[in-house]
Amino acid sequence: MKKGMYCKSVLPLLLLVAATGCTQPTEEVHYIKVDMIACSFQGTDAVPVRITISSNPGPWSAEPSASWIRITEQTEEGIVLTADDNPASTEREGEITVTAGEMTKTIRVTQTGDTFVPARYDVFRDYTMGAVISPNGRYTAGFIGVPDENATDHWLLQVVITDLESGEQYLPAPFLDSLYPLYDPCAITDSGTAFFHCEDGRIIGFSISGDITVLDNVPGAGKPWLSQVASDESGVWVGWCSGGSTVYSPVKWTDGHPEILPLPETTFRGAAWNAGAMARGCSLDGSIIYGTAWEGLDSGLIWWDKEGTPRWVGDKVRKLKPVKIYDTATGTYTDYTLVDGIVGSSDTYYISPSGKWIAGTYRTEELAENETDVIYTSCPAFYDTETDEVHIFPEYEGAVGMTVTDEGLGVIGMGGANGIISHTVMVNIPTATEAGTSTEWIYDTYGIIIPDNSLLEYISPDGRTAFGYDLSGEMEPMRKWYVTRKTAE
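Going by mature numbering (1 follows the signal peptide of the UniProt record, and there is no 0), the letters in the sequence shown line up with residues -23 to -1, 1 to 466, in that order.
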């Protein structure tokens, strides 16, 4: 599946034409190549960006579309760009047009606004399939691209890794999707190595130093799928593999060495395992992991403690209820087990940094009067791994737990049980009190106003950065955004 709008550079192509008794002259190929297809600058104190350019025929020229975009250096090999401080509170856009003969190529340039407050806000508008943030909140990563001009069935992709502390971007040279067919970003480490899922099933990592890593298959479990990483000091990654004793096997990597995690004795409904489960996220030190079962439509939330023992999140509120369901097609009754318990999804930010809290959704099931349909009710729940206590918020019916801090500040996604979250609300879990919407909390915490449709899904351990998504994208419906303090407190 191909996604989004892309920007690209042109790769040279030589056509050799053979004829009987003679060789035709080689056709000259015209091209413009750039090693960066888009760049962005922070609102003030922009970090200069160097772009390599080559063309045939030469020479080439480069012209900015706006006066605030400045070319500070130009050589035969390329240009150095910077941007004047942006006095406005809104983002601005422009481009560099590169011309060689009758050919042109544009490089998109964006700059965040400056509101003269101690925080900045930005949206990853150009990213294809969203972005991820590192556990410590310093780095984000995604990728951009455009259709390839020389091959209509290929795309040119460019990985973008951003240091939120300095505003600097790391952009490896663009490459064709035939080399690495990136699908979406899955995780990025605290040192800036970004991992992506590929459409061919591979996991590819790109470091800020330019190294590329391909994750190996796990012996006895098959092809890996990376979900999240812990701190660099821990060396822990978590995810799953498609294979092993069950269809899916939860996996923990420590310094690159995989370990297949055990499953609870029975499934969420008390049956024998078949499909298995997936590890989804972990604490900052990698000692506590959580994941979801994947039996049918069940998504019971599992956690592995520091000893690696698996158990159901909030097991004390999990209740199995055997019933007989009437089959209208056959006119017979079938044994079935309803379950009240805590469920989750594929989200990677459910757990607090220390692993004290795990967010989830408390779901109950009841057999309808017709003895055929099952009635579900859902509300947010937060589990304390240290005390084994479950904090349920029934007043937010239809909402889901999304993330939580070590201090017990929880984020609730309103309407999430039906699949689409309308807005996010903050709650103080120990006192069971509401702390306003997430946009109100961001204004109170960071002193900056962001759009009301900004849904919060992660808060960095030091509280310096908030990360989430909105539903305003035209090409990509879930655009990622961040708010970060300009200077550490």
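Beta carbons are placed, not taken as given, at the ideal position from N, Cα and C, and that holds for glycine.
The model shown is predicted, which means the values in this text are computed figures rather than measured ones.
- Counting along the chain, the unbroken beta strand (DSSP E) around Y446 starts and ends at 442 to 447.
- With respect to the 8 Å criterion, V320 and R340 are classified as neighbours on the basis of their beta carbons.
- Bounds of the alpha helix (DSSP H) holding W418 are 415 to 423.
- By the 16-neighbour rule on beta-carbons within 10 angstroms, M455 is exposed.
- Counting along the chain, H234 sits inside the beta strand (DSSP E) bounded by residues 234 to 237.
- Scanning T461, N430, I185 for the CA closest to the CA of D439 turns up T461.
- By the Cβ test, the region 68 to 78 is not in contact with the region 381 to 397, since fewer than three Cβ pairs between them sit closer than 8 Å.
- Residue pairing by DSSP places S437 opposite no residue, since no beta bridge is assigned to it.
- If you keep only unbroken beta strand (DSSP E) runs of at least 3 residues inside the region 263 to 314, you get 266 to 270, 278 to 281, 287 to 289, 296 to 304.
- The shortest CA-to-CA distance from E348 to any of Y303, T354, V377 is the one to Y303.
- Taking the C-beta atoms as reference points, P235 is found no nearer than 8 Å to V300.
- Closest in C-alpha terms to V213, from the list S204, T117, S219, G221, comes S204.
- Your pair A150 and D12 checks out as a contact, with CB atoms roughly 5 Å apart and the cut at 8 Å.
- Excluding residues up to 5 positions away in sequence, K296, T341 lie with their Cβ nearer than 6 Å to the Cβ of D317 in the same chain.
- Residue state for A108 is assigned as coil, using DSSP reduced to three classes.
- The beta-carbon distance between A252 and W271, rounded to whole angstroms, is 5 Å. This is short enough to meet the 8 Å contact definition.
- Taking each of S44, A43, T29 in turn and checking the Cα distance to W37, the smallest one comes out for T29.
- Secondary structure note for R97: its beta strand (DSSP E) is the uninterrupted segment 96 to 100.
- Distances from the CA of D61 to each of P34, S31, F18, E79 were compared; the closest alpha carbon is that of F18.
- 8 Å or more divides the Cβ of Y446 from the Cβ of G20.
- Annotated as proximal: A256 and I266, with beta-carbon spacing under 8 Å.
- Judged by DSSP secondary structure, S31 falls within the beta strand (DSSP E) whose first and last residues are 26 to 33.
- In the DSSP assignment, H368 falls within the unbroken beta strand (DSSP E) covering 366 to 369.
- When the alpha-carbon of P428 is set against those of I419, S208, F245, Y326, the nearest one is in I419.
- For E70, the secondary structure class from DSSP, reduced to helix, strand or coil, is strand.
- By a beta-carbon distance limit of 8 Å, Q135 contacts L148. Their separation comes to about 6 Å.
- In the DSSP assignment, Y326 falls outside any beta strand (DSSP E), carrying neither H nor E.
- Counted as a single uninterrupted DSSP element, the stretch harbouring P330 is not any beta strand (DSSP E), since DSSP gives it neither H nor E.
- DSSP places H174 in the uninterrupted beta strand (DSSP E) bounded by 171 to 175.
- In the DSSP secondary-structure assignment, C259 is bridged to I266.
- The C-alpha of T139 lies about 12 Å from the C-alpha of Y104.
- Around S168, the same chain offers D209 as residues with beta carbons nearer than 7 Å, after the five sequence neighbours per side are excluded.
- Y8 sits in a strand when the DSSP states are folded into three classes.
- Counting the other Cβ atoms within 10 Å of the Cβ of N405 gives fewer than 16, which makes it exposed.
- Of the candidates T49, E40, M80, T52, M80 places its Cα closest to the Cα of I9.
- Counted as a single uninterrupted DSSP element, the beta strand (DSSP E) harbouring R456 occupies residues 456 to 462.
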